[in-house]
Amino acid sequence: MIATGIGSYPGEDLEETLSVVLGELPDLPHLPELPDRGVTAGMVGRGLAVMAELGADLQPAGWRLTDAPGVDHRRARSLLAQDLDTVEELTQDTLSMEGGAFKIQVAGPWTLAASVEKPRGDKVVSDVGARRELAQALAEGLRTHVADVRRRLPGVDRLVVQVDEPALSAVLAGKVPTASGFGRHRTVHPPEASEALAWVLDAVSDAGAEPWVHTCAAGTPLPLLVTSGARGISVDLGLMTAADHDALAQALEDGQSVALGVVPSLDPATAPNDVEVTERVLRWLDMLGLDPAEVGERLVLTPTCGLAGASPSWTRQALALLRTSAANLSG
Numbered sequence: 004m005i006a007t008g009i010g011s012y013p014g015e016d017l018e019e020t021l022s023v024v025l026g027e028l029p030d031l032p033h034l035p036e037l038p039d040r041g042v043t044a045g046m047v048g049r050g051l052a053v054m055a056e057l058g059a060d061l062q063p064a065g066w067r068l069t070d071a072p073g074v075d076h077r078r079a080r081s082l083l084a085q086d087l088d089t090v091e092e093l094t095q096d097t098l099s100m101e102g103g104a105f106k107i108q109v110a111g112p113w114t115l116a117a118s119v120e121k122p123r124g125d126k127v128v129s130d131v132g133a134r135r136e137l138a139q140a141l142a143e144g145l146r147t148h149v150a151d152v153r154r155r156l157p158g159v160d161r162l163v164v165q166v167d168e169p170a171l172s173a174v175l176a177g178k179v180p181t182a183s184g185f186g187r188h189r190t191v192h193p194p195e196a197s198e199a200l201a202w203v204l205d206a207v208s209d210a211g212a213e214p215w216v217h218t219c220a221a222g223t224p225l226p227l228l229v230t231s232g233a234r235g236i237s238v239d240l241g242l243m244t245a246a247d248h249d250a251l252a253q254a255l256e257d258g259q260s261v262a263l264g265v266v267p268s269l270d271p272a273t274a275p276n277d278v279e280v281t282e283r284v285l286r287w288l289d290m291l292g293l294d295p296a297e298v299g300e301r302l303v304l305t306p307t308c309g310l311a312g313a314s315p316s317w318t319r320q321a322l323a324l325l326r327t328s329a330a331n332l333s334g
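In our numbering, each number is its position in the sequence shown, counted from 1, plus 3.
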């Protein structure tokens, strides 16, 4: 079994954070996201930076689609390019050999649709045409983005693209608030949600990468992620229902990856140790009737969600805890 991170970390120094990630998560390191640097470095800003064809800009209410990229959209794209330059430089030694692995993250189409406004206001999710256009622009942008990452990391055989969809459950349940805050946007039905997600995941696969979907929100229908083309599912173990456990077991049996959130993403009052984390995972596998040896590296240990709200000391401790626990399970 192996360990990796979800995406976000505290602080503003990418070089320092990436050095920690490379040291503590050698089997599946990833590109850190540092939202403390500002909204252009946050999850939504990063997703828009990848998006092709459509423009965006910051308004008082947040990100809004525009005819052409505004200054903040251009800054988001420039910052992403600079971060990839840093990754390329710092991984020349560690990822230069053939057979390496690396993970990048991007906001999914439904989280973007629930977070970004149309040109004339209110969320993209409120308009069928706008949300289709946004999903297709994200898919097209990902093809280019994955190709760029592959060019920069030629020794990486396994490139994972984690599509973050924390808002998907709210979109499906009709719980995304309107601009006034007094109403809710209409429910998006599962077939449409699956179609848009499939455009994005298929684009990742077509570009030669492995598409995962991450959600740390309860109520996300995990089978929908699989039927949409996800080859990995990343979840918080503490939020899973009986049906979710069955879906994860089926995914592992079908040869897909499951990234299991087992270490707190915020500083805990009492930190678990590696024995406790290891035993928790073993109990979960036993409940599902799965052999740890047969699951192997398809089971990945992660924090329960991003670590942006954690202290730097807990961040280092959490990653070390994940690495040690994964080693325990592999032994």
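Quick reminder that beta carbons are idealized off the backbone N, C-alpha and C, glycines included.
Buried or exposed (CB count within 10 angstroms, at least 16 for buried), residue i
i	result
S314	exposed
F105	buried
A210	buried
S11	buried
D70	exposed
G144	buried
G64	The sequence shown places Ala at residue 64, rather than the Gly named in the question. Per the 10 Å Cβ criterion, exposed.
A44	buried
E198	exposed
Of the listed residues the options, nearest to residue i (C-alpha basis)
i	options	result
T181	V163, V164, D130 and H148	D130
T273	A321, A206 and L93	A321
G102	R161, R67 and A323	R161
V47	A170, P122 and V303	A170
A196	A212, G177, V207 and G158	G177
M54	G8, A206, C308 and Q95	A206
D96	D39, V109 and S22	S22
L141	G222, A110 and L175	A110
L57	G8, S316 and R134	R134
L240	V166, R153, S268 and G186	S268
Beta-bridge pairing of residue i - partner residues as DSSP gives them
i	result
Q213	The amino acid at residue 213 is misidentified as Gln; the sequence shows Glu. In DSSP, E213 forms a bridge with V163.
L1	A question about residue 1 goes unanswered here, because the residues of the chain that appear run from 4 up to 334.
D294	D294 pairs with nothing; no bridge assigned.
E36	S11
P180	R187
L61	W66
V238	L263
K106	H33 and V163
K121	For K121, which the question treats as bridged, DSSP gives no partner whatsoever.
Whether residue i touches residue j by CB criterion (8 Å)
i	j	result
V191	V128	yes
V265	L225	no
A52	L83	yes
L34	K121	no
L255	S231	no
L25	L93	yes
L251	P295	no
A6	L325	yes
Contact test: residue i Cβ vs the ligand MN heavy atom, cutoff 7 Å
i	result
V238	You won't find the ligand MN in this model; it holds no ligand whatsoever.
Integer-rounded CB distance, given that residue j should sit under 8 Å from residue i
i	j	result
W202	S118	Rounded, the Cβ-Cβ distance is 18 Å, inconsistent with contact.
L31	G14	Not really, about 21 Å apart at Cβ, beyond 8 Å.
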